[in-house]
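A.B. asks: My questions will all concern the structure given below.
2 protein chains.
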Amino acid sequence: MAKAMQYSEQEGGAIRQRNEKAIMAAAERVFARHGYRGASLQEIAEQAELPKSNVLYYMGSKRKLYVRLLERMMARWNAMLDDISAEDDPAEVLSAFIRSKMQMSRRHPEGSRLFASEILGGAPFLQEYLRGELREWVQSRAAVFREWAERGLMDPVDPVWLIFLIWSSTQHYADFEAQVLGITGREALGDDDLEEITRFLTRVVLKGCGVRHPEPVT
Amino acid sequence: MAKAMQYSEQEGGAIRQRNEKAIMAAAERVFARHGYRGASLQEIAEQAELPKSNVLYYMGSKRKLYVRLLERMMARWNAMLDDISAEDDPAEVLSAFIRSKMQMSRRHPEGSRLFASEILGGAPFLQEYLRGELREWVQSRAAVFREWAERGLMDPVDPVWLIFLIWSSTQHYADFEAQVLGITGREALGDDDLEEITRFLTRVVLKGCGVRHPEPVT
DNA sequence: GTCTATAGGTAGATAGAC
DNA sequence: GTCTATCTACCTATAGAC
């Protein structure tokens, strides 16, 4: 394989990069919409505007493609989790947490739905990640929240339920987009809508947990 | 069809009822787990412990079976929505709303996931329901919430975002059960866990929206 | 690297024996 | 009412021409 690439490395690498990108984007959409089983390589290939066999040539198998997409999403997720590691001001940290999660829903709605579909199906590919890496992250945050409560910086609410509250209420705008649009009668949510929702959620969560908001509440 | 049923109506009706019930239960699980396309009649039949053709005999087609399941879930949903029509005390109504939704997640997790899967896939079968019936219900509630805000009974938060907050945070425990169990390290959530979460969500939402809680907050 | 042809399996649905 | 056999279509994956 390394040998085959040698003679056309210059633009061959470029072609590969372009095609793989197209496949990944198309696959994210299709897997998000129909789940792992319901998605077909045919549909992915059509949306990527490539012959079906090229999808398998670049990605190896349906399974490998799916795992690769999940891993890309986990990488984005982890990058975001690291972003909000400041541990001093509860209001600031919780606001940043909510805002980051909302931006994830905004920037990667297909990825969010892909993740949701995987969890909905019982998380067959993500069991390890959930019970390992992610669990540890949650517990480390939970410890911080508990300390804040002890120091009287917020109410003594269960930190894990609080994290789930923030996750669910922010992801909702990606995962249940079809419902949100149907009920609000909009064709799409704009940046201004997302900003308004972010403010709403920040306000309710911070006030609801007895945390003081750093910015003036509108 | 009516003729064929006549001679064995007594226990024939009973058999039909029993088989249909088994098929519906199995199908709800399988559709919830794999989505409409990803679900196979073979798997549904196996879980219902019936031959595949019997599933089609009783249900007509995969599509009809799926629609029937969605309609049953909508019926449960509507029954719950009617339950909380008391429009006097904000704290009481919002508490009852959160509690009802949590009980839906508890009693019908597969149905909740089936609904989530349908929305995740762009709600191809439920567009009409979302843009019609459900939208009207949301708007009627929103009007009530706005009136409460005007009368100073709660903060002037956007009522639609509030409804989405309650929906998302309660459904999370059915739809993302796999994640919740993975992170908490539990094998299942008990009635006591659900009660604790209900209290937590009620407390945060009511306090966060400036509504006074009817019961003493623990 | 790219794409056609096709193998081997399973999908939803139906016909017809019992 | 029940179930086997089977139809056609589509699925993933691979072999091999170019």
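These protein sequence lines are chains A and B, in that order.
For the first sequence, full-length UniProt numbering gives the first residue as 1, with consecutive numbering after it.
For the second sequence, full-length UniProt numbering gives the first residue as 1, with consecutive numbering after it.
Just so it is clear, CB atoms sit at the ideal spot from N, CA and C, and this is done for glycine as well.
#1: The alpha helix (DSSP H) spanning A/I197 covers which residue range?
#2: Listed in chain order, which residues of the UniProt domain "HTH tetR-type" (17-77) of chain B have Cβ atoms closer than 9 Å to some Cβ of chain A?
#3: Since I believe B/G35 is in contact with A/G38 (beta carbons under 8 Å), could you give me their beta-carbon distance rounded to a whole number of angstroms?
#4: Say whether the region 22-35 of chain B touches the region 61-73 of chain B, bearing in mind that this needs 3 or more beta-carbon pairs closer than 8 Å, one atom from each stretch.
#5: Would you call the region 76-93 of chain B and the region 157-165 of chain B touching, i.e. three or more CB-CB distances under 8 Å?
#6: Could you give the residue range of the alpha helix (DSSP H) that holds B/S117?
#7: Hey, quick one: how far does the alpha helix (DSSP H) through A/I163 stretch, first residue to last?
#8: Taking the alpha-carbon positions, what's the A/Q139 to B/S53 distance?
#9: Write down the C-beta distance between A/E49 and A/A22 rounded to the nearest angstrom, noting that I regard them as a contact closer than 8 Å.
#10: If you count every other CB in all the chains shown that lies within 10 Å of the CB of B/D60, and 16 or more means buried, which is it?
#11: By alpha-carbon positions, which one of A/L41, A/F115 and A/R212 ends up nearest to A/M73?
#12: Looking at C-beta atoms only, is the number of pairs between the region 197-212 of chain B and the region 194-210 of chain A that lie closer than 8 Å three or more?
#13: Is the distance from the Cβ of A/S100 to the Cβ of A/I84 below 8 Å?
#14: Would you mind sorting A/G143 into buried or exposed? The rule is 16 or more other CB atoms within 10 Å of its CB.
#15: Check whether the Cβ atoms of B/W148 and B/L81 sit closer than 8 Å, and answer yes or no.
#16: Below 7 Å on C-beta distance, what does A/I84 contact in chain B?
#17: Distance, Cα to Cα, residue 232 of chain B vs A/R186?
#18: With a CB to CB cut of under 7 Å and the five nearest residues on each side skipped, what residues in its chain are close to B/R113?
#19: Which stretch, first to last residue, makes up the alpha helix (DSSP H) that contains B/A123?
#20: Please go through the region 47-107 of chain B and give each complete alpha helix (DSSP H) segment of 4 or more residues, from N-terminal end onward.
#21: Would you mind working out which of A/V55, A/W167 and A/E177 sits nearest A/V109, comparing C-alpha positions?
#22: With 8 Å set as the bound, which would you pick, yes or no: does the beta-carbon of B/T184 sit closer than that to a beta-carbon of chain A?
#23: DSSP on A/Y136, reduced to helix/strand/coil?
#24: Given a limit of 7 Å on CB to CB distance, which residues of the region 162-180 of chain B reach chain A?
#25: Where does A/V211 sit, in a helix, a strand or coil, going by DSSP?
#26: Could you please tell me which residues of the region 99-129 of chain B, in chain order, have their CB closer than 7 Å to any CB of chain A?
#27: Are B/Y57 and B/E20 close, meaning C-beta to C-beta below 8 Å?
#28: Given a threshold of 16 other Cβ atoms within 10 Å of its Cβ, counted over all protein chains shown, does A/A75 qualify as buried or as exposed?
#29: Among the residues of its own chain, which have a CB less than 6 Å from the CB of B/Q47, if the five just before and after it don't count?
#30: Rounded to a whole number of angstroms, what is the C-alpha to C-alpha distance between A/A96 and A/L134?
#31: Checking contacts by CB at 8 Å: is B/L94 closer than that to chain A?
#32: Could you give the C-beta distance for B/F164 and A/V55, rounded to a whole number, given that I count them as a contact under 8 Å?
#33: When you compare the CB positions of B/R131 and A/G182, do they come within less than 8 Å of one another, or not?
#34: Note down, in chain order, every chain B residue with its Cβ under 9 Å from the Cβ of A/L134.
#35: Tell me which residues share the same chain as A/F200 and place their Cβ nearer than 8 Å to its Cβ, disregarding the 5 neighbours each side in the sequence.
C.D. replies: The short version:
#1: Residue mapping note: residue 197 of chain A aligns to position 197 of the first sequence, counting from 1. Segment D191 to G208, the alpha helix (DSSP H) holding A/I197.
#2: A32, R33, H34, G35, Y36, R37, G38, A39 and S40
#3: Translated into the one-based positions of the first sequence, residue 38 of chain A becomes position 38. Translated into the one-based positions of the second sequence, residue 35 of chain B becomes position 35. Their Cβ separation, rounded to whole angstroms, is 5 Å, which keeps A/G38 and B/G35 in contact under 8 Å.
#4: yes
#5: no
#6: Along the second sequence, read from residue 1 onward, the residue named residue 117 of chain B stands at position 117. Its alpha helix (DSSP H) spans residues P109 to L120.
#7: Taking the first residue of the first sequence as position 1, residue 163 of chain A is located at position 163. Counting along the chain, the alpha helix (DSSP H) containing A/I163 begins and ends at P159 to D175.
#8: For the purposes of this step, residue 139 of chain A is taken as residue 139 along the first sequence, with counting starting at 1. For the purposes of this step, residue 53 of chain B is taken as residue 53 along the second sequence, with counting starting at 1. Near 49 Å, if we compare the C-alpha coordinates of B/S53 and A/Q139.
#9: Position 49 of the first sequence, counted from the start, is the residue given in the question as residue 49 of chain A. Position 22 of the first sequence, counted from the start, is the residue given in the question as residue 22 of chain A. Correct: roughly 7 Å between the Cβ atoms.
#10: For the purposes of this step, residue 60 of chain B is taken as the residue at position 60 of the second sequence. The question names Asp, but residue 60 of chain B in the sequence shown is Gly. The residue is exposed, with fewer than 16 neighbouring Cβ atoms inside 10 Å.
#11: Here the question's residue 73 of chain A lines up with position 73 in the first sequence. For A/M73, the nearest C-alpha among the options comes from A/F115.
#12: yes
#13: Reading the first sequence from its first residue, position 100 is the one you call residue 100 of chain A. Reading the first sequence from its first residue, position 84 is the one you call residue 84 of chain A. Cβ distance < 8 Å, so A/S100 and A/I84 count as in contact.
#14: The count along the first sequence starts at 1 and reaches residue 143 of chain A at position 143. It is worth fixing the name first, because residue 143 of chain A is Ala in this sequence and not Gly. Counting Cβ neighbours within 10 Å, A/A143 comes out exposed, since fewer than 16 surround it.
#15: Translated into the one-based positions of the second sequence, residue 148 of chain B becomes position 148. Translated into the one-based positions of the second sequence, residue 81 of chain B becomes position 81. Not closer than 8 Å, so no.
#16: To locate residue 84 of chain A, count along the first sequence from 1; it is residue 84. Residues of chain B passing the Cβ test: none, with the nearest at roughly 17 Å.
#17: With chain B running from 1 to 218 in the structure shown, residue 232 of chain B is simply not present.
#18: Residue numbering aside, residue 113 of chain B sits at position 113 when the second sequence is read from its first letter. Cβ within range, chain order: A32, A174 and D175.
#19: Mapped onto the second sequence, residue 123 of chain B falls at position 123. Taken as a continuous stretch (DSSP letters only), B/A123 belongs to no alpha helix (DSSP H), as it is neither H nor E.
#20: 52-59, 62-83 and 90-107
#21: Residue mapping note: residue 109 of chain A aligns to position 109 of the first sequence, counting from 1. According to the sequence provided, residue 109 of chain A is Pro. The question's Val does not apply to it. Of the candidates A/V55, A/W167 and A/E177, the one whose C-alpha sits nearest the C-alpha of A/P109 is A/E177.
#22: Walking along the second sequence from the start, residue 184 of chain B turns up at place 184. With 8 Å as the cut-off, B/T184 counts as an interface residue toward chain A.
#23: Taking the first sequence and counting its residues from 1, one reaches residue 136 of chain A at position 136. It should be noted that the sequence gives Glu, not Tyr, for residue 136 of chain A. Reduced to three states, the DSSP call for A/E136 is helix.
#24: F164, L165, S168, S169, H172, D175, F176, A178, Q179 and V180
#25: For this step, residue 211 of chain A is matched to residue 211 along the first sequence. If DSSP states are grouped into helix, strand and coil, A/V211 belongs with coil.
#26: R113, A116, S117, I119, L120, G121, G122, A123 and Q127
#27: Residue 57 of chain B sits at position 57 when you count from the first residue of the second sequence. Residue 20 of chain B sits at position 20 when you count from the first residue of the second sequence. Taking 8 Å as the Cβ cut-off, B/Y57 and B/E20 do not qualify as a contacting pair.
#28: Stepping through the first sequence from its first residue, residue 75 of chain A is reached at position 75. When all chains shown are included, A/A75 counts as exposed.
#29: For this step, residue 47 of chain B is matched to residue 47 along the second sequence. So the list reads A26, once near-sequence residues are dropped.
#30: As a working note, residue 96 of chain A is residue 96 in the first sequence. As a working note, residue 134 of chain A is residue 134 in the first sequence. Distance between the alpha carbons of A/A96 and A/L134: 19 Å.
#31: Counting from 1 along the second sequence, the entry for residue 94 of chain B is found at position 94. It does not; no Cβ of chain A falls within 8 Å.
#32: Taking the first residue of the second sequence as 1, we reach residue 164 of chain B at position 164. Taking the first residue of the first sequence as 1, we reach residue 55 of chain A at position 55. At roughly 36 Å, the Cβ-Cβ gap does not stay under 8 Å, so B/F164 and A/V55 are not in contact.
#33: Counting from one through the second sequence, the residue named residue 131 of chain B turns up at place 131. Counting from one through the first sequence, the residue named residue 182 of chain A turns up at place 182. Yes, the pair counts as a contact, with Cβ atoms nearer than the cut-off.
#34: The residue you call residue 134 of chain A lines up with position 134 of the first sequence. Within chain B, the residues near A/L134 are Q179, G182 and I183.
#35: As a first step, residue 200 of chain A is located in the first sequence; it is residue number 200 there, counting from the start. Cβ within range, chain order: n/a, list empty.
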